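K.L.:
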Amino acid sequence: MASRAERSAFNEWWWTVDRLMLVALLALMFIGVVLLLAASPAVAERIGIQDIFHFVNRQAIFIPPAIAVMVGMSFLSPPAIRRVSLVVFLIATGLVMATLLFGVEVKGSRRWIFGIQPSEFLKPAFVVLAAWLFSESVKRRDVPGNILAILLLGSSAALLILQPDFGQTMLLSIVWCALFFMAGLHWFWVIGLGGAGVVGIAAAYVLIPHVTARIDKFLNPDGTDNFQVETAMEAFQSGGWLGKGPGEGTVKRILPDSHTDFIGAVTAEEFGILFCMALVAIFAFVVLRGLWHAYKLEDPFCRFATAGLTLLFGLQSSINLMVNLHMMPAKGMTLPFISYGGSSLIAVAYAMGMVLALTRRRPRSDVLAQTWRFREREDELAAEAA
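Residue numbers for the sequence shown follow the numbering used here, beginning at 20 and rising by one.
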């Protein structure tokens, strides 16, 4: 056990980081590997992969880097988090642009390039930059932070729509609106943004066949081909409260995307609804813990960024589970730390590592001193550039 008296970077981190949240996040990572062990062999057999544990092994390979990213990010100061997020956002934006031209097309969308999904990394970096802009508009009325944040949302959403990826676009827009609300938006903006959202959904429904089909399947499940959702619901009913037992599920053998979008249904069939409720409780603990920290933080940037990243994590989890339960149209969105996917795993670890860093216990004077040092450095650079 690290001693409080010993002065070192690790000891300072250990005694200031939220260890309960850290344990919960690590637990989700390892639970994800166990659930993939149940869900992915059937997928490997169905698509003709000889190694039935192909997906499990690949996910396990990404666990150590994900832990390293999460813990490494949790050591950073708020100014360092802003700088890292700016770099990540620029790189991810460039790669998203590249996917539109050179990306691999999967199910009608271009989201992959060089074996990664750059939009997964764009999301947390976007949230941090939006929080930064909103916090600057709160602290300094002469800074057009709100206008810049609107431009940030517009440019990011446009790139995601072009892929097209309406699920991620909706997710970013909701988190952005939540940050705007926290920054003290006027009721004029509430009405305007709400109207724009309704118009956008209506336009997507009318103009884009992919969106039309998904919404129609959700609204009229009996009149359309709704195989995935019907099969997922069958898995929940088959598992009951206690489940059939690990490896005993049968519905997973015919359920598409059972290792990604619909891993919740496989979990319910083999481990039962009670286990699913326990899993949801871990997600709820992380979200509530993060929002509780955000409520207590005094620095606007730390407060906005913590709340935004926590909402991003919680909303993505909720959307995935709601799709499994046919409570909303399918979105193609993974369950954080649980669903298969190296890009998703590393990106979520990056996001939650920043939450751990922003919520570390720091004396108020230290936070203010870091903020002023960062601003002084910015002023020096601006003077040199002039």
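Quick reminder that beta carbons are idealized off the backbone N, C-alpha and C, glycines included. Small disclaimer: the values here were computed from a predicted structure and weren't measured.
Compute the Euclidean distance between the alpha carbons of A87 and F29, then round it to the nearest angstrom.
P.N.:
Numbered from 1 along the sequence shown, position 68 holds the residue referred to as residue 87. Numbered from 1 along the sequence shown, position 10 holds the residue referred to as residue 29. Their Cα atoms are separated by approximately 14 Å.
K.L.:
How is the beta strand (DSSP E) around S128 delimited, first residue to last?
P.N.:
Walking along the sequence shown from the start, residue 128 turns up at place 109. Here the beta strand (DSSP E) through S128 covers 128–131.
K.L.:
M296 lies in the alpha helix (DSSP H); which residues open and close that run?
P.N.:
Numbered from 1 along the sequence shown, position 277 holds the residue referred to as residue 296. Looking at the DSSP string, the run of the alpha helix (DSSP H) that includes M296 is 292–315.
K.L.:
Quick test of the definition: if touching needs 3 or more C-beta pairs under 8 Å, does the segment 275–289 touch the segment 350–363?
P.N.:
They touch, by the three-pair rule.
K.L.:
Around the Cβ of K315, are there at least 16 other Cβ atoms within 10 angstroms (buried) or fewer (exposed)?
P.N.:
In the sequence shown, counting from the first residue as 1, residue 315 sits at position 296. Per the 10 Å Cβ criterion, exposed.
K.L.:
How should E124 be labelled, buried or exposed, when 16 other C-beta atoms within 10 angstroms of its C-beta is the threshold for buried?
P.N.:
Counting from 1 along the sequence shown, the entry for residue 124 is found at position 105. Looking at its Cβ environment, which holds fewer than 16 other Cβ atoms inside 10 Å, E124 is exposed.
K.L.:
With distance defined between alpha-carbon atoms, name the residue in A284, L141, M48, G327 nearest to A313.
P.N.:
For the purposes of this step, residue 313 is taken as the residue at position 294 of the sequence shown. A313 has its Cα closest to that of G327, out of A284, L141, M48, G327.
K.L.:
Can you name, in chain order, every residue of its own chain whose Cβ lies under 8 Å from the Cβ of D37, other than the five neighbours on each side?
P.N.:
In the sequence shown, residue 37 corresponds to position 18, counting from 1. So the list reads R308, H312, L375, T378, R379, once near-sequence residues are dropped.
K.L.:
Going by Cα to Cα distance, which pick from I193, T118, N76 is closest to G51?
P.N.:
If you number the sequence shown from 1, residue 51 lands on position 32. Answer by Cα proximity: N76.
K.L.:
What residue does the alpha helix (DSSP H) around K263 start on, and which one ends it?
P.N.:
As a first step, residue 263 is located in the sequence shown; it is residue number 244 there, counting from the start. Neither: K263 is in no alpha helix (DSSP H) and is coded neither H nor E.
K.L.:
Our contact map puts Q411 next to R130 with C-beta atoms below 8 Å; I'd like the distance itself, whole angstroms only.
P.N.:
Residue 411 is absent from the structure shown; the chain starts at 20 and stops at 405.
K.L.:
For Y369, which residues from the same chain have a beta carbon less than 8 Å from its beta carbon, with the 5 sequence-adjacent residues on both sides left out?
P.N.:
In the sequence shown, the residue the question calls residue 369 occupies position 350. V88, M89, M92, V107, F140, P143, listed in sequence order.
K.L.:
Could you give the first and the last residue of the continuous alpha helix (DSSP H) run that contains Q78?
P.N.:
Taking the first residue of the sequence shown as 1, we reach residue 78 at position 59. Counting along the chain, the alpha helix (DSSP H) containing Q78 begins and ends at 73–93.
K.L.:
Which residues mark the beginning and the end of the alpha helix (DSSP H) in which M189 is found?
P.N.:
Position 170 of the sequence shown, counted from the first residue, corresponds to residue 189. Taken as a continuous stretch (DSSP letters only), the alpha helix (DSSP H) holding M189 covers 185–201.
K.L.:
With DSSP as the reference, label V162 as helix, strand or coil.
P.N.:
Numbered from its first residue, the sequence shown carries residue 162 at position 143. Here V162 sits in coil by DSSP.
K.L.:
Assign E31 to one of three DSSP states: helix, strand, or coil.
P.N.:
The residue given as residue 31 occupies position 12 in the sequence shown. E31 falls in the helix class under three-state DSSP.
K.L.:
Sort out for me which residues DSSP pairs E124 with in a bridge.
P.N.:
Working through the sequence shown from its first residue, we reach residue 124 at position 105. According to DSSP, which records beta bridges pairwise, E124 is partnered with R129.
K.L.:
Look at the alpha carbon of L105 and the alpha carbon of N165, and state the distance between them as a whole number of angstroms.
P.N.:
By one-based count along the sequence shown, residue 105 stands at place 86. By one-based count along the sequence shown, residue 165 stands at place 146. So the alpha carbons of these two residues sit roughly 17 Å apart.
K.L.:
Residues in the same chain with beta-carbon distance under 7 Å from I193, minus the five sequence neighbours each way, listed in chain order, please.
P.N.:
Your numbering for residue 193 matches position 174 in the sequence shown. Once the five neighbours on either side are set aside, the close Cβ partners of I193 are L334.
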